[in-house]
Structure formats: structure tokens, C-alpha cells
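Participant: Heads up: the sequence shown begins at 1 in UniProt numbering, then just goes up one per residue. Even for Gly, the Cβ is constructed at its ideal location relative to N, Cα and C.
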Amino acid sequence: MSLYPGVALVTGAASGIGQATAISFAKEGCARIVIADVNLSGLRETEAQIEKEYIPAAADPSASCEVLAAVTDVSDPDSVQHLIDQAVEKFGRVDYVCNAAGTYTTPLSHKSSPGEKARRVPWR
Ligand SMILES: NC(=O)c1ccc[n+]([C@@H]2O[C@H](COP(=O)([O-])OP(=O)(O)OC[C@H]3O[C@@H](n4cnc5c(N)ncnc54)[C@H](O)[C@@H]3O)[C@@H](O)[C@H]2O)c1
């Protein structure tokens, strides 16, 4: 039995912290993982790593991990809504979320609105 029997969703999953987190979910036996990023080629790399490193439960050693790779811009509410819609359509639910999308940028004031902060997350 995995520690993560539900559905994991990771943003920023094309590289760095998000990629490592998505792969860690697979290594812990999470069998349904949504990976999101603006970088499709990076998402494909992460998907390949998940397939390689997924460790199924002992009770079902031939099981594989289902991955949904969704190109998503987290600074765009419509894109985020589309991500959630795709995840729920494919898996019916989301249980664990890791928001790792982002990059280093200029400091924001504590007075900045959430929308302004989101718009400051640049893409590559
Ligand atoms: N690595 C560190 O030591 C460290 C320390 C403190 C904070 N952070 C913060 O954690 C976050 C992740 O760091 P990392 O080292 O994994 O960086 P990274 O650049 O390796 O990964 C960030 C990912 O986010 C994606 N991304 C960027 N903008 C996006 C957007 N608008 N929508 C969707 N995806 C987007 C990028 O394509 C990339 O794949 C960054 O915000 C960084 O500032 C990192």
C-alpha cells in the first residue's frame, strides 16, 4: 500500500523542485500523477522519469503509473481552471498538490495582490 493512494498534482514539474517532487511521488507508489508546467519538453522528460522510477505496490508489481502532462501557465486563471478540469476528467479527484512553478524575481510588496503576484511569475 502506497503512502499516496490518491491523485497528486505538481506544478512546475518540468524541472527543479517540481520535477523532483513528481518523481518522488512515483517512487512512493503514487499511481496517478498530474504534472503541469509551461515547458512541454520538460514535462515529457518528467513523464519518462516517472515511468522509469515508479515503484508499484508489492501486491501488484506489474502496475504502472498513469500520468497526465498538462501544459499550464499558473499566472493565467483560465489555464489553471483548465488544468483542474483535465485532472478531474481523467482521475475524478485531486488529493495532494505541490505548487512549485515559479522563478526568481524582484521582491514584491506585502501589499501586492495575489493576481499581481501571479502575473509576476514569468515563463520561459
Ligand atoms: N531551488 C531553490 O533553492 C529555491 C529556493 C527558494 C525558493 N525557490 C523557488 O521555488 C520555485 C521553484 O524553484 P526551482 O529551483 O525548482 O526552479 P526551476 O526553474 O528549476 O523550476 C521552475 C519551473 O516552473 C516553471 N514555470 C515558471 N513559470 C511558470 C508558469 N507561469 N506556469 C507554469 N510553470 C511555470 C518553469 O518552466 C520550471 O519548469 C521558484 O519559484 C524558486 O524561486 C527555489
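1. For A57 and G12, which I take to be in contact (beta-carbon distance under 8 Å), what is that distance rounded to the nearest angstrom?
2. Buried or exposed for G6, going by 16 or more other Cβ atoms inside 10 Å?
3. Out of A101, S113, P114, point me to the one whose CA is closest to S15's CA.
4. Report yes if the CB atom of L9 is closer than 7 Å to the CB atom of A87, and no otherwise.
5. Classify residue 127 as helix, strand or coil using the three-state DSSP reduction.
6. Ligand 1 and N39: does any heavy atom of the ligand fall closer than 6 Å to the residue's C-beta?
7. Looking at the structure shown, is L40 part of a helix, part of a strand, or coil, going by DSSP?
8. So which of A22, V97, A31 has the shortest CA-CA distance to S62?
9. Within 10 angstroms of the Cβ of G92, are there 16 or more other Cβ atoms? Answer buried if so, exposed if not.
10. What does the Cβ neighbour count give for L3, buried or exposed, with the cut at 16 atoms within 10 Å?
11. By DSSP's criteria, V7 is part of a beta bridge. Which residues make up the other side?
Facilitator: By the coordinates alone:
1. 27 Å between Cβ atoms; not a contact.
2. exposed
3. A101
4. yes
5. Beyond the ends of the chain as shown, which are 1 and 124, falls residue 127; an answer cannot be given.
6. yes
7. helix
8. A31
9. exposed
10. exposed
11. R32
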